[in-house]
Each structure stands twice: as structure tokens, then as C-alpha cells.
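In UniProt numbering, the protein residues as written are 1 to 239.
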Ligand code: NAP
């Protein structure tokens, strides 16, 4: 579960734990937050271990997955959740802004998935859940790098679903809309209001709204669902 120290990832980690999944709680910079999440999971009587890895370097994602398998003995579900934004208009976007977002959000999800699939193929079962975004489907000004990374994640999801379905591995993408978190809280007030006006359900989502879907996709009940992109966006972008 990458990026489970805060925000959506934290809610997903706790929801998966409540469903009985042991959780590898991963952080980039906030080890103390990750330790706190792991403590809450252990208090539920469920195993949790903390792993740090900087996913701005995609090589670290593969090493992270191998460490989780080595330390925890198995990997049934990989959730590629860690993500960043570096928003600006395309004409002002530096190569570094582009590369940092693509490396963290997309390439690290690929290298983590590649390492996980090798293990899951041996087990002849597994679940990969990629946290994309509604903007990967509908586009968004000022986010060319982020939108491209999320659209790429959706393509990766579909390709891997076709490649590894016969091995018992399902691969799905979740496309959250506007969910309350540090990432969206940093957006200017007028941008937040513009989003709100386009949401039929009339509210921003909670991390728990996304966590509920992730937990379902990780469960045995979702065994015949693969290659899908499922929105959790209050109706912002039906597709
Ligand atoms: P957030 O609150 O900013 O949390 C981001 C998480 O990713 C943190 O756990 C962070 O770990 C980790 N992370 C970031 N950069 C990293 C790096 N270089 N190496 C390792 N870990 C790193 O974000 P969020 O809102 O929960 O978003 C989670 C995911 O949902 C992202 O992929 C985002 O694109 C997607 N999403 C969010 C929304 C929304 O409305 N919030 C909507 C659509 C999609 P540390 O804090 O430990 O560094």
C-alpha cells in the first residue's frame, strides 16, 4: 500500500485492516505518521509493518515490493497510491516538474507492479489496484504532468489486466474525484468552489469513500472484475 502515511492511503490501509488484511504501511518522508497508522492497525489485532522508500526514484518501488515480500512473507494485494502534483501551465512547466510527477505517479507504479506480478504469478493469484484520478479521464488545465501520469496509469491497468488475467491476477484502477485531503486542501479556494459546482452529489468526497471501493476490489467478492476504471467522484464525470 504505497503512500499510506497520510490522506487517502491512510484511510485505505485502515479499511483494509478492518477487513482483515495485514498491511505494509509505506511512507516517503513521514515515518512518524506511518508508525501511527501501523499502531492503529495493530490495535485491531492485524499485522502491520512500516516501510520507507522514496518513490521519486522508480528503482526504489521494485526494491520496496521485494522488501515487503521478504519481511511479511506474502503480497496478495498491491495498491499503487503514492502520488504528487506539481501544477502549472504547460508552457511554464519545467522538465523537472514533468519528470518528477511521471516518475512518482506512473513509473514507480509500473516498477512496483512488475515486482509484485512476479510473486503473484507464482501464487497464481493477486490484486493490483492503481489509484488514478478523474482528471486522467477528463483532463484538467494546469496539470498536464499529473493528468498524463493518471491517464498512463489507466492504460497500464488495462494492459496488465490483459497480460496477467490468465494467471489469476486482477488489475483495476480507481478514479477519485475531489476528495478532502492535504493534496486538495492546498488548492486555491476558487478552484475548490469550481469543482464543487460540478459535483451532482454536492459535496467533496471523504477518503473513506475511496477506501471502501479499494477494500471491495481487494476482496474475494471482486474476483471477476479486472481491467476496469471505477470512479468515486460524486457524479463529476460519468464515463
Ligand atoms: P497526500 O495526502 O498528498 O498523500 C500522498 C501520499 O503519497 C503520502 O503518503 C506520501 O508519503 C506519499 N508520497 C508522495 N510522494 C512520495 C515519494 N516521492 N515517495 C514515497 N511516497 C510518496 O495525497 P492524497 O490526496 O491522499 O492522494 C493519494 C492518491 O490519490 C494520489 O495518487 C493522488 O493522485 C490520488 N488522488 C487524490 C485525489 C484527492 O482529491 N485527494 C483525487 C484523485 C486522485 P509521505 O507523506 O510519507 O512522504
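Don't be surprised by glycine CBs; every beta carbon is placed ideally from N, CA and C.
No experiment lies behind these values; they were computed from the predicted model shown.
When beta bridges are read from the DSSP output, residue 231 appears opposite 175.
Within the same chain, and ignoring the five residues on either side of residue 121 in sequence, the residues whose Cβ sits closer than 8 Å to its Cβ are 164, 167 and 169. Given a length threshold of 3 residues, each whole run of the beta strand (DSSP E) inside the segment 96-166 is given here in chain order: 126-131. If you compare the alpha carbons of 91, 191, 178 and 43 with that of residue 201, the shortest gap goes to 178. Looking only at 141, 146, 144 and 173, the smallest Cα-Cα distance to residue 156 is reached by 173.
Closer than 6 Å to some heavy atom of the ligand NAP: that does not describe the Cβ of residue 153.
With a beta-carbon spacing of about 4 Å, residue 2 and residue 82 fall inside the 8 Å limit used to define contacts. Look at residue 6: its beta carbon is less than 6 Å from one of the heavy atoms in the ligand NAP. Inside the segment 22-93, DSSP marks whole beta strand (DSSP E) runs of 3 or more residues at positions 23-27, 48-52 and 77-80, from first to last along the chain.
Note that the segment 7-20 does not touch the segment 90-106; fewer than 3 beta-carbon pairs, one per stretch, sit closer than 8 Å. With the rule of 3 Cβ pairs closer than 8 Å, the segment 54-63 counts as touching the segment 103-121. Judged by the Cβ position, residue 88 fails to qualify as a neighbour of the ligand NAP at the 6 Å threshold, every heavy atom of the ligand being at least this far. With a threshold of 16 other beta carbon atoms within 10 Å, residue 207 meets it and is buried.
In the structure shown, the three-state DSSP call for residue 215 is helix. The residues 204, 205, 206 and 207, in chain order, have a CB closer than 8 Å to that of residue 180 in the same chain once the five nearest residues on each side in sequence are set aside.
Taking every protein chain shown into account, the CB of residue 91 has fewer than 16 other CB atoms within 10 angstroms, so this residue is exposed.
When secondary structure is reduced to three states using DSSP, residue 170 falls in the strand class. Contact between residue 32 and residue 102 does not hold, since the beta-carbon distance rounds to 29 Å and is not under 8 Å.
Distance check between residue 53 and each of 66, 159 and 135 places 66 closest, using alpha-carbon atoms only. Shown here for residue 209: same chain residues with a beta carbon closer than 6 Å to its own, the five before and five after excluded, namely 232 in chain order. Distances taken from the Cβ of residue 176 to the heavy atoms of the ligand NAP include one shorter than 6 Å.
Looking at the DSSP output, residue 205 bridges to 179.
Residue 55 has its Cβ nearer than 6 Å to a heavy atom of the ligand NAP.
Taking 6 Å as the cut-off, one finds at least one heavy atom of the ligand NAP near enough to the beta carbon of residue 29.
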